[in-house]
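In what follows, a structure is listed as structure tokens, so that the remarks can point back to it.
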Amino acid sequence: MNAPADPEALQRAERQAQVVAALKPLLPQGALIWHAEDTTPYECDGLTAYRQRPLVVALPESEQQVQAVLKACHALRVPVVARGAGTGLSGGALPHALGVTLSLAKFNAIQQIDPVARTALVQCGVRNLAISEAAASYGLYYAPDPSSQIACTIGGNIAENSGGVHCLKYGLTVHNVLKIRGYNAAGEPVEFGSDALDAPGYDLLSIVIGSEGMLAVAVEVTVKLIPKPQLARCIMASFDDMRKAGDVVAAVIAAGIIPAGLEMMDKPMTAAVEDFVHAGYDLTAEAILLCESDGTNEEVEEEIGRMSAVLREGGATAIAVSRDEAERLRFWSGRKNAFPASGRISPDYMCMDSTIPRKRLADILLAIQEMEKKYQLRCANVFHAGDGNLHPLILFDANDADQLHRCELFGADILETSVAMGGTVTGEHGVGIEKLNSMCVQFSPEELEQMRGVKRAFDPEQLLNPGKVVPTLNRCAEYGKMLVRGGRIAHPDLPRF
2 MNAPADPEAL
12 QRAERQAQVV
22 AALKPLLPQG
32 ALIWHAEDTT
42 PYECDGLTAY
52 RQRPLVVALP
62 ESEQQVQAVL
72 KACHALRVPV
82 VARGAGTGLS
92 GGALPHALGV
102 TLSLAKFNAI
112 QQIDPVARTA
122 LVQCGVRNLA
132 ISEAAASYGL
142 YYAPDPSSQI
152 ACTIGGNIAE
162 NSGGVHCLKY
172 GLTVHNVLKI
182 RGYNAAGEPV
192 EFGSDALDAP
202 GYDLLSIVIG
212 SEGMLAVAVE
222 VTVKLIPKPQ
232 LARCIMASFD
242 DMRKAGDVVA
252 AVIAAGIIPA
262 GLEMMDKPMT
272 AAVEDFVHAG
282 YDLTAEAILL
292 CESDGTNEEV
302 EEEIGRMSAV
312 LREGGATAIA
322 VSRDEAERLR
332 FWSGRKNAFP
342 ASGRISPDYM
352 CMDSTIPRKR
362 LADILLAIQE
372 MEKKYQLRCA
382 NVFHAGDGNL
392 HPLILFDAND
402 ADQLHRCELF
412 GADILETSVA
422 MGGTVTGEHG
432 VGIEKLNSMC
442 VQFSPEELEQ
452 MRGVKRAFDP
462 EQLLNPGKVV
472 PTLNRCAEYG
482 KMLVRGGRIA
492 HPDLPRF
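Each residue of the sequence shown is one higher than the last, beginning at 2 in the numbering used here.
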């Protein structure tokens with residue numbers, strides 16, 4: 002006797018056949034895939050704890066094809082999730098079960114480098130680092146440098162408003178992009194910003210950057226380039242106490258110094274990366290700071306001297322200054338390889354992303370140490386100390402359902418404690434699906450409704466990356482009840498849903 006058919010499976014199969022029939026004539030042979038073995042590589046981004054196989058994956062090769070796919074999906078009321086390199090860490094590129102994943106990986110051409118205007122015109126699938134490589138012969142580079150810059154794309158950087166180790170001095174993606182051209186959910190062409198320093202009307206460029214693919218699909222981007230500094234040197238400072246290291250970060254900024262980079266790693270992370278890259282880190286230190294200065298030779302020497310004095314006064318137990326470019330890159334190699342190093346010591350990790358005031362760095366790190374005991378999971382910390390952007394990496398085994406559950410609770414606790422300390426639930430990784438519940442904690446129902454209003458203005462049919470970033474009021478209400486049942490609301494100044 003045959004088993005009864007699964008209604009959801011039947012619905013999926015019927016919808017898939019409909020979408021394939023609509024999109025197949027619009028794309029070259031092989032540019033539309035829907036069989037399970039072909040779509041599995043697209044089932045998650047860098048947040049591997051959550052997976053969903055897409056209904057269909059479209060791989061257009063031209064703007065006309067992108068536009069045609071969007072128009073067809075809009076006519077069918079089919080959700081679309083744009084995807085770049087899939088290096089995001091918040092589930093922003095997680096497919097929709099009944100939607101199309103729109104891969105823009107083939108849009109990888111650098112259209113123009115203008116050394117006079119100091120700009121680069123690039124397609125959305127160009128790798129972050131490739132922009133600097135192309136501009137190097139002109140003595141220029143693109144400043145935002147996420148740790149995944151060898152793989153991540155400029156389109157993904159725009160979606161998440163990515164930063165990097167040099168964002169303290171040179172800004173995030175939003176500070177380094179002049180113009181974005183693309184298409185809305187209906188396939189209509191849109192353009193934000195301009196080649197000039199300003200554009201008429203509302204500053205919609207700043208709304209689109211960081212909107213996580215919810216408002217438009219970017220296909221072409223104009224970015225700013227800046228001159229490569231004559232010299233860059235890095236200080237590696239060791240501290241025997243986490244609070245001293247946290248306090249000295251604030252002291253550096255208070256001294257009127259804006260380093261090119263100011264990063265911190267705790268002892269567990271230092272041990273993990275040292276075993277991986279052999280950067281020469283002090284394994285006895287409770288925390289290590291990397292402080293970089295760049296500019297002219299005279300500027301760097303003066304700033305290195307001032308920073309070294311602040312670090313010594315703040316209790317540094319050891320200070321090393323890079324003697325040449327090779328040593329500077331070695332100091333940074335551990336920080337840049339923190340994520341792969343963590344993958345060597347744990348089956349899985351969940352990288353959180355919150356931001357707090359610099360003066361609370363030590364407080365949050367000590368709170369995380371207590372959470373390790375509470376949730377019985379290890380956590381290694383690496384982050385952009387200069388702007389208070391934390392990246393705790395919670396180590397767990399996704400094959401153990403209980404560990405995954407405890408990891409989720411641990412992550413939510415970090416985010417909500419950050420909000421209680423005056424911070425935010427995200428700095429540069431985005432909300433995606435990972436931080437939906439924590440958005441309920443940071444923002445009031447009225448604020449969330451304003452965000453939904455922006456989404457409706459750009460995408461009335463709610464077809465671009467639906468179900469992410471902005472939680473529903475029902476979800477917030479249920480999350481509030483769950484917290485109360487679990488006794489998890491520990492901060493009296495947080496919303497009560």
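Ideal placement from N, C-alpha and C gives every residue a C-beta, glycine not left out. Here the structure is a predicted model, which is why all the values come from computation and not from measurement.
- Only residues of its own chain outside the window of five on either side were considered, and among them Met353, Ile369, Cys380, Asn382, Ile415 have a CB closer than 7 Å to the CB of Pro393, listed in chain order.
- Judged by DSSP secondary structure, Ser163 falls outside any alpha helix (DSSP H); it is assigned neither H nor E.
- DSSP places Asp364 in the helix class (H, G or I) of the three-state scheme.
- Inclusion of Leu378 and Phe340 in the CB contact set at 8 Å is not warranted, their separation being larger than that value.
- By the 16-neighbour rule on beta-carbons within 10 angstroms, His36 is exposed.
- Counting only residues of its own chain and dropping the five nearest sequence neighbours on each side, Cys408 has a CB closer than 7 Å to the CB of Met351, Leu378, Ile395, Phe397.
- Taken through DSSP and simplified to helix, strand or coil, Met215 comes out as coil.
- Thr120: not part of any alpha helix (DSSP H); member of the beta strand (DSSP E) spanning 120 to 124, first to last residue.
- Ala321 carries a strand assignment under DSSP once its states are collapsed to helix, strand and coil.
- For Gly87, the CB contacts under 6 Å within the same chain, skipping 5 residues up- and downstream, are Asp46, Ala94 in chain order.
- Remark: C-beta atoms of Leu312 and Ile320 approach each other more closely than 8 Å.
- Classified as exposed, Arg486 has fewer than 16 neighbouring CB atoms from the shown chains inside 10 Å of its CB.
- Of the other Cβ atoms in all chains shown, 16 or more fall within 10 Å of the Cβ of Arg234; this residue is therefore buried.
- Annotation: Asn185 to Thr418 spans about 36 Å, alpha carbon to alpha carbon.
- Burial state of Arg128 is buried, judged by a 10 Å Cβ sphere holding 16 or more other Cβ atoms.
- If you compare the alpha carbons of Tyr282, Pro260, Leu263, Ile258 with that of Pro269, the shortest gap goes to Tyr282.
- Straight across, the Cα-Cα distance linking Ile236 with Ser445 is about 42 Å.
- In the structure shown, Tyr43 falls within a helical segment according to DSSP collapsed to helix, strand and coil.
- The three-state reading of DSSP puts Lys469 in coil, since its state is none of H, G, I, E or B.
- Here Val117 is exposed: its Cβ has fewer than 16 other Cβ atoms, across all protein chains shown, within 10 Å.
- Annotation: Tyr480 to Gly100 spans about 26 Å, alpha carbon to alpha carbon.
- Residue state for Asp283 is assigned as coil, using DSSP reduced to three classes.
- About 10 Å separates the beta carbon of Val222 from that of Asn177, a gap too long to meet the 8 Å contact definition.
- Taking C-beta atoms under 8 Å as the contact rule, Ser91 and Lys436 qualify, at a distance of about 6 Å.
- When Cβ pairs closer than 8 Å are counted between the two stretches, the region 101 to 120 is seen to touch the region 135 to 151, the count reaching three or more.
- The C-beta separation of Ile365 from Leu391 comes to about 7 Å, placing the pair in contact by the 8 Å criterion.
- Shown here for Leu33: same chain residues with a beta carbon closer than 8 Å to its own, the five before and five after excluded, namely Val21, Leu24, Lys25, Val57, Val58, Ala59, Leu60 in chain order.
- A straight-line Cα-Cα distance of about 14 Å links Gly262 and Ser334.
- Going by beta carbons, Pro228 and Leu141 fall inside the 8 Å limit.
- For Asn298, the enclosing alpha helix (DSSP H) stretches over residues 298 to 314.
- Looking at the backbone, the Cα of Ala144 and that of His167 are separated by about 7 Å.
- The continuous beta strand (DSSP E) containing Val191 extends over residues 190 to 194.
- Spanning the alpha carbons of Gln150 and Asp7 requires a straight line of approximately 43 Å.
- Counting other Cβ atoms within 10 Å of its Cβ, Tyr203 stays below 16 and is therefore classed as exposed.
- Put simply, the backbone Cα of Pro348 is about 20 Å away from that of Arg336.
- The beta-bridge partner set that DSSP reports for Arg234 consists of Ser294.
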